[in-house]
Structures are given as structure tokens and as C-alpha cells.
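Student:
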Amino acid sequence: MKEDKLSQSEGRFAELIWQHEPIPSGELVKLCEKELNWKKSTTYTVLKNLCEKGIFQNQQAVVTALIKKDAFYAKQSRRFVEDVFGGSLPRFLTAFIGGRKLRDDQVDELKRLIDEHKEE
Numbered sequence: 597m598k599e600d601k602l603s604q605s606e607g608r609f610a611e612l613i614w615q616h617e618p619i620p621s622g623e624l625v626k627l628c629e630k631e632l633n634w635k636k637s638t639t640y641t642v643l644k645n646l647c648e649k650g651i652f653q654n655q656q657a658v659v660t661a662l663i664k665k666d667a668f669y670a671k672q673s674r675r676f677v678e679d680v681f682g683g684s685l686p687r688f689l690t691a692f693i694g695g696r697k698l699r700d701d702q703v704d705e706l707k708r709l710i711d712e713h714k715e716e
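First residue of the sequence shown: 597, per my numbering; consecutive thereafter.
1) Since proline 620 sits in a beta bridge, which residues does DSSP pair it with?
2) Enumerate in chain order the residues of its own chain whose CB-to-CB distance from lysine 636 is below 6 Å, with the five nearest sequence positions on each side excluded.
3) Starting from glutamate 673, follow the alpha helix (DSSP H) in both directions and report where the run begins and ends.
4) Considering Cα atoms alone, identify which of Leu689, Gly694, Gly695 and Val677 is closest to isoleucine 710.
5) Just verifying my parser: in three-state terms, what is the DSSP assignment at methionine 597?
6) Does the separation of the CB atoms of leucine 643 and leucine 627 fall below 7 Å?
7) Using 10 angstroms around the beta-carbon of phenylalanine 676, count the other beta-carbons present and answer buried if the total reaches 16, otherwise exposed.
8) Check whether the Cβ atoms of tryptophan 614 and lysine 665 sit closer than 7 Å, and answer yes or no.
9) Among Val659, Glu716, Leu632 and Glu629, which one has its Cα closest to the Cα of isoleucine 619?
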């Protein structure tokens, strides 16, 4: 993926595609007109930009994702932790928790995730 950051409008547009893919580009234009109040030219311009970023493709007038929603946001999250917390997951979790207390089920879930991803 060439670029993993989306503007607010690109994000709303991407969500529409992920919810409806595969979607014919003509239907996407109608959907964007209804949901985003966009003109046809705006839809195609933003689609072109996101295709150039390697997130979607428009093949034979059908738009599909090259990267799925979960994978996209996972990469964004990893980049955030890298950029803001120097890649330190403990520093990120400390900031995220922000002094709050965790419930027992949350602690158990975190322990399970750590055990699943622990290097041997």
C-alpha cells in the first residue's frame, strides 16, 4: 500500500466501498450522490486517488478493495504506535488506559492476546 492515511472524506468514501463491494462504479456514483451529496466527478476523482494509493481497484467498471478494511486499519494502528510511541506497545497501552482500572475480563483478554502473540 502506497499510502495508509485517508482524509475524512476519503475515509467515508472507503467505508461505503468496503460495505458494498464489489460494486459497479455506476452504482457507486449513485450511492455517493445519496450518502455524501457528491457529484459524479467527485466520486471518480476520489476513487482514482484511492486506486493510486493501492487501496481499491476499478476493473471493468467494478470497484473492489485491494486491501480489506481490517487490514487497512491494522496497518494504520501499527504506524500510529510506531510514530507516536516509538513502537512501544507497553507505552501505547499505558497512555490508552490513562490511569483507568481494567475489569477482570479485560485483563484476561489482554493476557490471552499476549500469550497468543508471544515470541518463543
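Note that CB positions come from ideal geometry on N, CA and C, so glycine has one too.
This one's a predicted model, so the numbers in the text were calculated from it and none came from an experiment.
Tutor: In this structure, then:
1) Val658
2) Val625
3) The amino acid at residue 673 is misidentified as glutamate; the sequence shows serine. Note, serine 673: alpha helix (DSSP H), 665-681.
4) Leu689
5) Unreliable placement is indicated for methionine 597, whose pLDDT of 48 sits below 50; the coordinate value is still reported in the next sentence. Of the three classes helix, strand and coil, the one that applies to methionine 597 here is coil, per DSSP.
6) no
7) exposed
8) yes
9) Val659
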